[in-house]
Amino acid sequence: MRELGDGTPAEAEQRTREIAPRLDITRQVTVGEPLMVLEIESRTAFLVVVGSRGPGAFGSLLLGSTAVHLAAYGHCPVLVVRGTPNPAGPVLLAVDGSPAGERAVELAFAEAKMRGAVLPALHVRVESSGPISGNCGPYRPRSH
Numbered sequence: 165m166r167e168l169g170d171g172t173p174a175e176a177e178q179r180t181r182e183i184a185p186r187l188d189i190t191r192q193v194t195v196g197e198p199l200m201v202l203e204i205e206s207r208t209a210f211l212v213v214v215g216s217r218g219p220g221a222f223g224s225l226l227l228g229s230t231a232v233h234l235a236a237y238g239h240c241p242v243l244v245v246r247g248t249p250n251p252a253g254p255v256l257l258a259v260d261g262s263p264a265g266e267r268a269v270e271l272a273f274a275e276a277k278m279r280g281a282v283l284p285a286l287h288v289r290v291e292s293s294g295p296i297s298g299n300c301g302p303y304r305p306r307s308h
């Protein structure tokens, strides 16, 4: 158990101290089923940040089952990190007009304000309830 507690969390703590030396950091190893532990911890969290998928071939098939579970059952906003962020990029807000989406709007505005970033809001809707064709191609913005 000691090896588990001194591995990746210690490395993450060290990287965080290098990036933000004034940040108050605590490290804790919790033993339990990950989805249950994260869902319980989300009850008192401001934000849960997870990667897009787990390690290994089976984990990559699940395409982020932890993120999907937390998005459905978590008690706070969930940020799924995939790829390398563009520090100069905008904060993209997906809006759908739902009450749950209002909280997303608030969080996106706060993040954009904190970073001094542009905040485009994208409203996407499904035009058909039929099956999605596998050859839709990449998204291309309309010219105005």
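Convert by adding 164 to the 1-based position in the sequence shown; the result is the number in my numbering.
By construction, the Cβ of each residue, glycine as well, lies at the ideal position given by its N, Cα and C atoms.
The structure displayed is predicted, hence computed values, not measured ones.
When DSSP states are grouped into helix, strand and coil, L286 belongs to the strand group. With fewer than 16 neighbouring CB atoms inside 10 Å of its own CB, G247 falls in the exposed class. Using a Cβ distance threshold of 8 Å, A272 and L283 count as a contacting pair.
Here the C-alpha atom of S229 lies approximately 9 Å from the C-alpha atom of L199.
Out of S262, V232, V214, the CA that lies nearest to the CA of V244 is found in V214. DSSP assignment within the segment 191-279 yields the following whole beta strand (DSSP E) runs of 3 residues or more, N-terminal first: 212-215, 242-245, 257-259. Between A235 and S216, the C-beta spacing is not below 8 Å. Counting only the Cα atoms, E197 lies some 32 Å from E270. Between the alpha carbons of A209 and E175 lies a gap of roughly 22 Å.
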